[in-house]
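Scroll down for the structure; my scribbles are underneath it.
Number of protein chains: 4
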Amino acid sequence: MPETTAPKKNWGRWGADDERGALNLIDDTKRASDYEVLRTGKIYSLGLPIQRSGVPVFEYRGPAQRLTLASQTDGAFWESFGEAMDIPTDGAGGNEDLLIFGTHSGTHLDALCHVYHDDHMYNGFETSTFGSYGGAARNSIHQVDGVAGRAVMLDVAAHLGVPWLDPMFRITDDVLEEVREAQGTSIRPGDILLVRTGWIDSFYDSLANGTELSAAQAGIDQSAVDFIDRYDIALVGSDNGAVECLPCDETLLSVHVKLLVHRGINLLEFADLRGMAADGVHECFLVIAPMKVVGGTGSPVNPIAIA
Amino acid sequence: MPETTAPKKNWGRWGADDERGALNLIDDTKRASDYEVLRTGKIYSLGLPIQRSGVPVFEYRGPAQRLTLASQTDGAFWESFGEAMDIPTDGAGGNEDLLIFGTHSGTHLDALCHVYHDDHMYNGFETSTFGSYGGAARNSIHQVDGVAGRAVMLDVAAHLGVPWLDPMFRITDDVLEEVREAQGTSIRPGDILLVRTGWIDSFYDSLANGTELSAAQAGIDQSAVDFIDRYDIALVGSDNGAVECLPCDETLLSVHVKLLVHRGINLLEFADLRGMAADGVHECFLVIAPMKVVGGTGSPVNPIAIA
Amino acid sequence: MPETTAPKKNWGRWGADDERGALNLIDDTKRASDYEVLRTGKIYSLGLPIQRSGVPVFEYRGPAQRLTLASQTDGAFWESFGEAMDIPTDGAGGNEDLLIFGTHSGTHLDALCHVYHDDHMYNGFETSTFGSYGGAARNSIHQVDGVAGRAVMLDVAAHLGVPWLDPMFRITDDVLEEVREAQGTSIRPGDILLVRTGWIDSFYDSLANGTELSAAQAGIDQSAVDFIDRYDIALVGSDNGAVECLPCDETLLSVHVKLLVHRGINLLEFADLRGMAADGVHECFLVIAPMKVVGGTGSPVNPIAIA
Amino acid sequence: MPETTAPKKNWGRWGADDERGALNLIDDTKRASDYEVLRTGKIYSLGLPIQRSGVPVFEYRGPAQRLTLASQTDGAFWESFGEAMDIPTDGAGGNEDLLIFGTHSGTHLDALCHVYHDDHMYNGFETSTFGSYGGAARNSIHQVDGVAGRAVMLDVAAHLGVPWLDPMFRITDDVLEEVREAQGTSIRPGDILLVRTGWIDSFYDSLANGTELSAAQAGIDQSAVDFIDRYDIALVGSDNGAVECLPCDETLLSVHVKLLVHRGINLLEFADLRGMAADGVHECFLVIAPMKVVGGTGSPVNPIAIA
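Protein chains in written order, with our numbering: chain A, 2 to 308; chain B, 2 to 308; chain C, 2 to 308; chain D, 2 to 308.
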């Protein structure tokens, strides 16, 4: 395992038992200083809508399904609650639903257990700690708890003057640095990095025009990991499906391995950055609040960018 | 319908087509002024963990289930992705899961379509606009988009010097006012109101000690709606299962009807307020980010309180 | 409702409370006489495999999903069972799964509540007896209990010398009679009628060759209902998706309305008749055993034809 | 592995690639001779109803859930089908549902992959052939296809003159032989063996009377495997939850290991034998038709006993 023993990785950096990885970079002191980005009071919801169709989905995960659990058709059911409490229903009742969906569909956050490499996950935990019934005994999504801190967006598509990048475009360290400089965006240790490729724009465009979408997606390549190391980023998000470019750079999930496994950096995928891009907002206070699924490999999220 | 035509209700207040209700009170200007509560940099995740057991659940909704979609046992499956991209897997693979759960289980936000009364929902939309397949055509949870603003917590249990309120305790307008004054908490129009009953403390206590939990729950009664009107609250949350007291006050879901249906006020239920209570934090900047389920009646949330 | 009051329909034929419809035609005496078709000992499973892809599915119902509940990765989980029983596990453990699927996907049986017309279901029960939470209070699939009796197959495709019928081909009363005569097949009151269109053959052909499948499907039209009346059929099955032709004949679900609603005749869809066709078997003893889902609108089935 | 190499086991008996085990004993010739048990025309559905509560369930598998996919509230949805076909809906519409349930809940058939021992399944396939995503590559439930043949019921409870056996009662080889003789029941190679303990009677009794049900269950012990070997049984079913006694005899799942793993004998659990018992029917022609879930570890079934 030459790579997994390389000096850049964060195994042990926050202790042998750590399961939160680079999120440790966002401590209260850092967060309190991040408040300075708060100015206008405007917020941006970065979560895509959740529905059966018309949203990006990798087919093997199945579509999200909202199913009605109870509704206005269940009169006797609602009355039974009134009876149990010995009070009249007085015309009241409710609608409830139940959701079924893959945790890596739509806008979602990858847990540190999501990817393994050479039989290990982040911080050296063995892949075999994952069980079908209980899920991840280590690096579960619930360890994230909540993320809140300064985020910077590098709008690669806007910088290059295109609505979206060519599917085969690879975002390198150099490209990121060039965009950062052109935008005049400063980055501090522990900041969240958002990379905009315009993929979601291309998705809705293809939906509207019935054109076929490429399976390839622009995204960061392995060289971009140097950028992430240089600025000591806490979390990386993008508006594409895997943060990294598809096809992956050189080996399967190579950037996931370097970020999730080696560095303990959670990845935010399918983040809808259109609103921020439209307003030219390149820094914000970002809140990401995953469902605290014990043993979970990820969670749908609706990140709220606050400006 | 004498009540539904009463002057206090908010139907039409934000236009005949409005589906966001009292959340309209939190505009950018209000939010920008709310930033002043941000001081220490500490955050509190108010979401309960999501797991099959050991969490509060109304049985008819079924338990939440995390199921493994793919894991380290799917070697050939992961290799097929590498093959499709014409790159080696090089020892990489992944874990993924799929969730099944009721949207009103665990810590969750009620959509304005969640409750109806006399065949109508908030803003006069007819109950029949809800369909089994598509869910709520009106007042769906996705209309919430995202909530971010000042929240105040009235810690009724702490004020009364008990770990949790007696299950039959009703929190009246007078009680809320008394706690507010004792805490010295100011409330501004459009603030979020959190009411702590200590119910989650009692839940974990009963779990730890194997004692039986009462089906009754302390919560606000109908008089407390006057308090909410007086301060023009944007959203109400509590650490119990229904915000309102159980059994409900006089009629089924009477407080839900007055808040959700008449006033368009979303309700946050099973909010874990223990951390804030332990620190004596009574005001914070609160971010609630529901899954934007189109047609949905509610969403699990992990509210992040930022101090 | 001129049609629903027509003399041919079976409302009331088996009593005002009946929920089993034409299955009442298969009583023990009839069934005992049906045993005479049993000869060779060969059986045919008419159920299609259940898997995520490579099977016919109407997209709005979502794909069937088999998810792993527990497996060999859950060592500690299986050991906990041994510990609870105070016995060693001795190297034993298990695999379990959980299924999610629409009841009208794959090979399935329609319950009599599946379709309504002019606010009524079979036997005059009101459509409003169906509730989201409890499902069908009347005509639920569990009322079927079990079906076992003589079935005849009219192999329209074979008779016409084609592997499958043209998608726009309508199977009329005359066509059925012509095939019956050509095959020399006798039909008795209470028999089950299977109509082979070859659609499943065309499905697998399109899958194998990557050709596009028409949304239209050959099937019986409204005139064929006269055939069904004339022979007093107990249940109708076909190897297509709706028994009736698609597009439907004249009005939406016109044949479903006439069979399910007016006559109380359950429909078996996507029955894999290839094996029987290959052997030229035109009569058999057929067993259909739906899951007895209380309130259910249908059930996946694996009908067993015994020759 | 002394036991797994013992002479009695069936590994290799039907070839090195066999995945159907003892079901191979029921060939067409045997089945045709089994027809002689068919006499009265009466049938018994051995499947329990499927509903959220009031049915036996091992809690970790979660309750079965029937959810409404579409109903009479979806007027516009049904109209869209009419529009797509360019025909009027004419008052027609439908109800559909979606099921979620563990394959080992309620009346179900265990696949040969359900249990493993010392890293192997039936016929020597390695436990590692089971993957989270695809399930069982070997010994999947779909290999069963369909079961139809002579079954004998040994009614242990009736023989002992009790409504149900004591939960700690172990059904030994001797007990089975004693019941067989007392009943005067002949058994032929390849027959299906049903063992009645009365457990389902005790379940409904406890439900009706609110009494607590023991976690222990009467069932066959390891000595009974000799009985099964002596008569060369094709499949074993019972009205309890695991066929074998609970707690298991000596080691975890010891009888499952001997039957499923060593002998390739599928197990039918929670079979409702009350109807047959009430009529004193001790032999029948039994049809078991599992859902052909590719990769599945088992399937809910509604076995139909034909007399």
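Even for Gly, the Cβ is constructed at its ideal location relative to N, Cα and C.
Using a Cβ cut-off of 8 Å, which residues of the stretch 114 to 127 of chain B contact any Cβ in chain A, in chain order?
Cβ contacts with chain A: 114, 115, 116, 117, 118, 119 and 120.
Out of B:130, B:108, B:109 and B:48, state which residue places its alpha-carbon closest to the alpha-carbon of residue 117 of chain B.
Taking the second sequence and counting its residues from 1, the one referred to as residue 117 of chain B is at position 116. If we check each option's Cα against that of residue 117 of chain B, B:130 comes out closest.
In chain order, each alpha helix (DSSP H) run of at least 4 residues that lies wholly inside the stretch 142 to 206 of chain A:
Listed in chain order, the alpha helix (DSSP H) elements of length 4 or more contained wholly in the stretch 142 to 206 of chain A are 157 to 160 and 174 to 184.
Enumerate in chain order the residues of its own chain whose CB-to-CB distance from residue 44 of chain D is below 8 Å, with the five nearest sequence positions on each side excluded.
For this step, residue 44 of chain D is matched to residue 43 along the fourth sequence. So the qualifying residues of the chain are 305, 306, 307 and 308.
Go through its chain and collect everything with a Cβ distance to residue 167 of chain D's Cβ below 6 Å, but skip five positions before and after it.
On the fourth sequence, residue 167 of chain D is found 166 positions in, with the first residue counted as 1. Around residue 167 of chain D: no qualifying Cβ.
May I ask which residues mark the beginning and end of the beta strand (DSSP E) holding residue 294 of chain C?
Here the question's residue 294 of chain C lines up with position 293 in the third sequence. Counted as a single uninterrupted DSSP element, the stretch harbouring residue 294 of chain C is not any beta strand (DSSP E), since DSSP gives it neither H nor E.
Buried or exposed for residue 245 of chain C, please, with buried defined as at least 16 other CB atoms from any protein chain shown within 10 angstroms of its CB.
The sequence position of residue 245 of chain C within the third sequence is 244, counting from 1. Its Cβ being crowded by 16 or more others within 10 Å, residue 245 of chain C is buried.
Can you round the beta-carbon distance between residue 135 of chain D and residue 75 of chain B to whole angstroms, since I take them to be within the 8 Å contact cut?
Within the fourth sequence, the letter at position 134 stands for residue 135 of chain D. Within the second sequence, the letter at position 74 stands for residue 75 of chain B. Contact between residue 135 of chain D and residue 75 of chain B holds, with the beta-carbon distance rounding to 7 Å and staying under 8 Å.
Which of helix, strand or coil does DSSP assign to residue 119 of chain D?
Stepping through the fourth sequence from its first residue, residue 119 of chain D is reached at position 118. For residue 119 of chain D, the three-state secondary structure derived from DSSP is coil.
Cα-Cα separation, residue 144 of chain B to residue 214 of chain B:
Within the second sequence, residue 144 of chain B is the residue found at index 143, counting from 1. Within the second sequence, residue 214 of chain B is the residue found at index 213, counting from 1. Cα-Cα distance, rounded: 35 Å.
Residue 93 of chain D (DSSP reduced to helix, strand or coil):
Position 92 of the fourth sequence, counted from the start, is the residue given in the question as residue 93 of chain D. Strand, per DSSP.
Run through DSSP, which three-state label would residue 238 of chain D get?
By one-based count along the fourth sequence, residue 238 of chain D stands at place 237. Three-state DSSP puts residue 238 of chain D in a strand.
Can you have a look at residue 290 of chain A and say buried or exposed, based on whether 16 or more other CB atoms are within 10 angstroms of its CB?
The sequence position of residue 290 of chain A within the first sequence is 289, counting from 1. The C-beta of residue 290 of chain A has 16 or more other C-beta atoms within 10 Å across all chains shown, which makes the residue buried.
Rank B:73, B:39 and B:303 by C-alpha distance to the C-alpha of residue 30 of chain A and give the top, closest one.
Along the first sequence, one-based indexing puts residue 30 of chain A at 29. When only C-alpha atoms are compared, the closest one is B:39.
Could you check whether residue 88 of chain A and residue 57 of chain B sit closer than 9 Å to each other, using their CB atoms as the reference points?
Within the second sequence, the letter at position 56 stands for residue 57 of chain B. Within the first sequence, the letter at position 87 stands for residue 88 of chain A. Not a contact, by the Cβ cut-off of 9 Å.
Relative to the C-alpha of residue 323 of chain D, which residue among D:156, D:243, D:222 and D:255 is closest?
The first residue shown for chain D is 2 and the last is 308, placing residue 323 of chain D beyond what the model contains.
Using 8 Å as the cut-off, can you tell me whether the stretch 19 to 35 of chain B makes contact with the stretch 257 to 275 of chain B, which would need three or more C-beta pairs spanning the two stretches below that distance?
With contact defined as three or more Cβ pairs closer than 8 Å, the stretch 19 to 35 of chain B and the stretch 257 to 275 of chain B are in contact.
Contact list for residue 74 of chain C against chain B, beta-carbon separation under 9 Å:
Counting from 1 along the third sequence, the entry for residue 74 of chain C is found at position 73. Neighbourhood of residue 74 of chain C in chain B, by CB distance below 9 Å: 69, 72, 73 and 74, in chain order.
Rank A:65, A:17 and A:146 by C-alpha distance to the C-alpha of residue 46 of chain B and give the top, closest one.
Locating residue 46 of chain B in the second sequence gives position 45, where the first residue counts as 1. Considering only alpha carbons, the answer is A:146.
Element boundaries [beta strand (DSSP E), containing residue 69 of chain C]:
Position 68 of the third sequence, counting from 1, holds the residue named residue 69 of chain C. From DSSP, the beta strand (DSSP E) with residue 69 of chain C extends over 66 to 71.
Measure the C-alpha to C-alpha separation of residue 86 of chain B and residue 257 of chain A and round it to an integer number of angstroms.
Start at 1 with the first residue of the second sequence, and residue 86 of chain B comes out as number 85. Start at 1 with the first residue of the first sequence, and residue 257 of chain A comes out as number 256. Distance between the alpha carbons of residue 86 of chain B and residue 257 of chain A: 15 Å.
For residue 254 of chain A and residue 93 of chain B, believed in contact at Cβ under 8 Å, the rounded distance
Position 92 of the second sequence, counting from 1, holds the residue named residue 93 of chain B. Position 253 of the first sequence, counting from 1, holds the residue named residue 254 of chain A. Correct: roughly 5 Å between the Cβ atoms.
Where residue 63 of chain B meets chain D, residues with beta-carbon distance less than 9 Å
Counting from 1 along the second sequence, the entry for residue 63 of chain B is found at position 62. Within chain D, the residues near residue 63 of chain B are 53, 63, 64, 66 and 101.
Of the residues B:126, B:235 and B:142, which one's Cα is nearest the Cα of residue 191 of chain B?
In the second sequence, the residue the question calls residue 191 of chain B occupies position 190. Nearest C-alpha to residue 191 of chain B: B:235.
I want to see whether chain D comes within less than 9 Å of residue 134 of chain A, judged by CB atoms only; does it?
For this step, residue 134 of chain A is matched to residue 133 along the first sequence. By the rule that beta-carbons nearer than 9 Å mark a contact, residue 134 of chain A touches chain D.
For a contact meaning CB atoms closer than 7 Å, what does residue 231 of chain C contact in chain D?
Translated into positions along the third sequence, residue 231 of chain C becomes position 230. Simply none; closest approach about 24 Å.
Going along chain C in order, which residues have a C-beta closer than 7 Å to the C-beta of residue 271 of chain A?
Here the question's residue 271 of chain A lines up with position 270 in the first sequence. Taking a Cβ-Cβ threshold of 7 Å, none of the residues of chain C is close to residue 271 of chain A; the smallest such distance is about 20 Å.
Between the stretch 162 to 179 of chain A and the stretch 197 to 213 of chain A, can you find at least three pairs of beta-carbon atoms closer than 8 Å?
Taking a cut-off of 8 Å on C-beta distances, the stretch 197 to 213 of chain A touches the stretch 162 to 179 of chain A, as three or more cross pairs fall below it.
Just the chain A side, please: which residues come within less than 9 Å of residue 169 of chain B by C-beta, in chain order?
In the second sequence, counting from the first residue as 1, residue 169 of chain B sits at position 168. Near residue 169 of chain B there are no residues of chain A at all, since even the closest Cβ is about 12 Å away, more than 9 Å.
Using a Cβ-Cβ cutoff of 9 Å, what residues of the stretch 232 to 257 of chain A are near chain B? List them in chain order.
Under the 9 Å Cβ criterion, the stretch 232 to 257 of chain A contributes 247, 248, 249, 250, 251, 252, 253, 254, 255 and 257.
Which parts of the stretch 233 to 284 of chain D are runs of the alpha helix (DSSP H), unbroken and 4 residues or longer, counting only runs that do not cross its ends?
Listed in chain order, they are 275 to 280.
Based on the DSSP secondary-structure assignment, which residues constitute the bridge partners of residue 132 of chain D?
Along the fourth sequence, one-based indexing puts residue 132 of chain D at 131. According to DSSP, residue 132 of chain D shares a beta bridge with D:136.
Helix, strand or coil for residue 60 of chain A? Go by DSSP, reduced to three states.
Residue mapping note: residue 60 of chain A aligns to position 59 of the first sequence, counting from 1. Here residue 60 of chain A sits in helix by DSSP.
Identify whether residue 288 of chain D lies in helix, strand or coil by the three-state DSSP scheme.
Translated into positions along the fourth sequence, residue 288 of chain D becomes position 287. Collapsing the DSSP output to three states places residue 288 of chain D in a strand.
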